[in-house]
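I have placed the structure first, in the form of structure tokens, so that the comments after it can refer back to it.
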Amino acid sequence: MDYTKIGMNKKEYTEYVESKADKSSILKNCIIAFIIGGLICIVGQIITDIALNYGLDKKTAGTISSISLIFIGALLTALKLYQPLGKFAGAGSIVPITGFSNSIVSPAIEYKSEGLILGIGANMFKVAGPVLVYGIGSSVILGLIYYIFNIFM
Amino acid sequence: MEIFLTYLKVFITGGFICTIAQVLIDKTKLTPARILVLFVTLGVILTGLGIYEPLVQFGKAGATVPISGFGYSLATGVMEEVDKKGLIGIFTGGVTATAGGISAAIIFGYFAGLISKPNIKK
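In the order they appear, the protein sequences are chains E and H. Residues in the first sequence are numbered from 2 upward in steps of one, following this note's numbering. Residues in the second sequence are numbered from 2 upward in steps of one, following this note's numbering.
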């Protein structure tokens with residue numbers, strides 16, 4: 002192709018094509034992430050509503066919903082069904098709690114050959130561990146700030 | 002009709018949070034592990050600032066199912082426990098509120114790892 006006809010050299014043309022492809026693929030990724038992420042949350046809401054219908058309080062219903070989604074995420078990962086979803090949905094399958102569950106089961110499967118303790122036990126929290134460290138850690142700091150704040154206010 | 006509206010709000014809120022993460026992944030090349038850490042920490046901070054609670058009121062599971070909702074549970078748990086028990090609540094509140102999820106993640110994660118066969122590397 003004669004790039005000079007459209008006023009670009011080969012490098013500029015390549016960059017132009019890449020930037021176009023990049024933008025459209027980001028948009029496509031975002032739409033898929035939005036739909037899958039939204040759908041997983043709807044599943045969570047349905048489980049919560051069922052639990053509420055059984056007369057459970059709001060907090061317990063929320064906990065049951067979390068536990069159920071973690072179970073579903075673990076099961077789908079064990080059946081090798083979550084990985085293709087992850088490739089397709091990106092953040093839509095990473096950010097919901099099912100993705101947290103997936104992040105525990107994946108290394109558990111991967112490192113299982115190294116044994117039950119140093120394989121599964123040591124590696125299952127490879128990603129979830131940092132999440133707990135930073136999540137619980139920041140909640141303790143928040144609690145401290147809240148406690149001090151309450152003394153003076 | 003009302004239930005449809007509730008589920009629509011759940012869908013939009015959950016979708017929106019995941020979209021923010023997707024933009025971060027595509028634009029900054031942050032790995033999923035970093036995204037999860039970032040979102041759980043943001044969940045704690047935004048709850049502490051009183052910004053996440055309205056989002057939960059609006060989007061319900063749409064705001065609690067994403068990992069930032071785990072941060073929300075930790076933060077509300079710790080603040081409630083500080084109100085009830087004082088200083089010790091700082092250490093007990095967060096994990097108490099999220100104990101169900103953490104225990105479920107450990108036990109289901111362990112057994113899922115146990116029953117599933119590793120992929121043979123191609």
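For every residue, glycine included, the Cβ atom is placed at its ideal position computed from N, Cα and C. Quick caveat, the model's predicted, so the values are computed rather than measured.
Measure the CB-CB distance between Gly-122(E) and Ser-114(E) and report whether it falls below 8 Å.
On the first sequence, residue 122(E) is found 121 positions in, with the first residue counted as 1. On the first sequence, residue 114(E) is found 113 positions in, with the first residue counted as 1. Their beta carbons are not under 8 Å apart, which means Gly-122(E) does not touch Ser-114(E) by this criterion.
Secondary structure at Leu-55(H), three-state DSSP: helix, strand or coil?
Residue numbering aside, residue 55(H) sits at position 54 when the second sequence is read from its first letter. This sequence places Pro at residue 55(H); Leu is not what is there. Helix, per DSSP.
In the DSSP assignment, the alpha helix (DSSP H) including Asp-58(E) goes from what residue to what residue?
Counting from one through the first sequence, the residue named residue 58(E) turns up at place 57. Here Asp-58(E) belongs to no alpha helix (DSSP H), and DSSP marks it neither H nor E.
Can the beta-carbon of Gly-136(E) be found closer than 8 Å to that of Gly-49(H)?
Taking the first residue of the first sequence as 1, we reach residue 136(E) at position 135. Taking the first residue of the second sequence as 1, we reach residue 49(H) at position 48. In this structure, Gly-136(E) sits away from Gly-49(H), with a CB-CB distance that is not shorter than 8 Å.
Measure from the C-beta of Met-2(H) to each C-beta in chain E and report whether the shortest distance is under 8 Å.
Translated into positions along the second sequence, residue 2(H) becomes position 1. So, not an interface residue.
By a C-beta neighbour count over all protein chains shown, 10 Å radius and 16 as the cutoff for buried, is Lys-61(H) buried or exposed?
As a working mapping, residue 61(H) is identified with position 60 in the second sequence. Buried.
Quick check: the Cα distance between Ser-74(H) and Glu-54(H), rounded to an integer number of angstroms?
In the second sequence, residue 74(H) corresponds to position 73, counting from 1. In the second sequence, residue 54(H) corresponds to position 53, counting from 1. Cα-Cα distance, rounded: 10 Å.
Considering only their Cβ atoms, is the gap separating Gly-15(H) from Gly-90(H) smaller than 8 Å?
The residue given as residue 90(H) occupies position 89 in the second sequence. The residue given as residue 15(H) occupies position 14 in the second sequence. Taking 8 Å as the Cβ cut-off, Gly-90(H) and Gly-15(H) do not qualify as a contacting pair.
Three-state class that DSSP yields for Pro-119(H) in the structure shown
Here residue 119(H) refers to the residue found at position 118 when the second sequence is read from its first residue. When secondary structure is reduced to three states using DSSP, Pro-119(H) falls in the coil class, being assigned neither helix nor strand.
Is Gly-114(H) close to chain E, meaning its C-beta is less than 8 Å from at least one C-beta of that chain?
Within the second sequence, numbered from 1, the residue matching residue 114(H) stands at position 113. Interface residue (Cβ-Cβ distance to chain E less than 8 Å): Gly-114(H) is classified as such.
Short CB-CB distance (under 8 Å) between Asn-10(E) and chain H
Taking the first sequence and counting its residues from 1, one reaches residue 10(E) at position 9. So, not an interface residue.
Spatial neighbours of Thr-99(E) in its chain, beta-carbon cut-off 8 Å, leaving aside the 5 residues before and after
As a first step, residue 99(E) is located in the first sequence; it is residue number 98 there, counting from the start. Within the same chain, Cβ atoms closer than 8 Å to the Cβ of Thr-99(E) are found at Ile-41, Leu-70, Ile-71, Ile-73, Gly-74, Leu-77, Tyr-83, the five residues on either side in sequence being excluded.
Inter-residue Cα distance where the pair is Ile-116(H) and Ser-107(E):
Here residue 116(H) refers to the residue found at position 115 when the second sequence is read from its first residue. Here residue 107(E) refers to the residue found at position 106 when the first sequence is read from its first residue. Rounded to the nearest angstrom, the two C-alpha atoms are 12 Å apart.
Cβ pair count under 8 Å reaching 3, the segment 15-26 of chain H against the segment 87-95 of chain E:
Three or more beta-carbon pairs drawn from the segment 15-26 of chain H and the segment 87-95 of chain E are found closer than 8 Å, and the two stretches are therefore classed as touching.
Could you tell me the boundaries of the alpha helix (DSSP H) in which Leu-133(E) lies?
Along the first sequence, one-based indexing puts residue 133(E) at 132. 129-153 is the span of the alpha helix (DSSP H), which, as asked, contains Leu-133(E).
Going along the chain, which unbroken runs of the beta strand (DSSP E) with 3 or more residues stay wholly within the segment 15-44 of chain H?
With a minimum length of 3 residues, no continuous beta strand (DSSP E) run stays inside the segment 15-44 of chain H.
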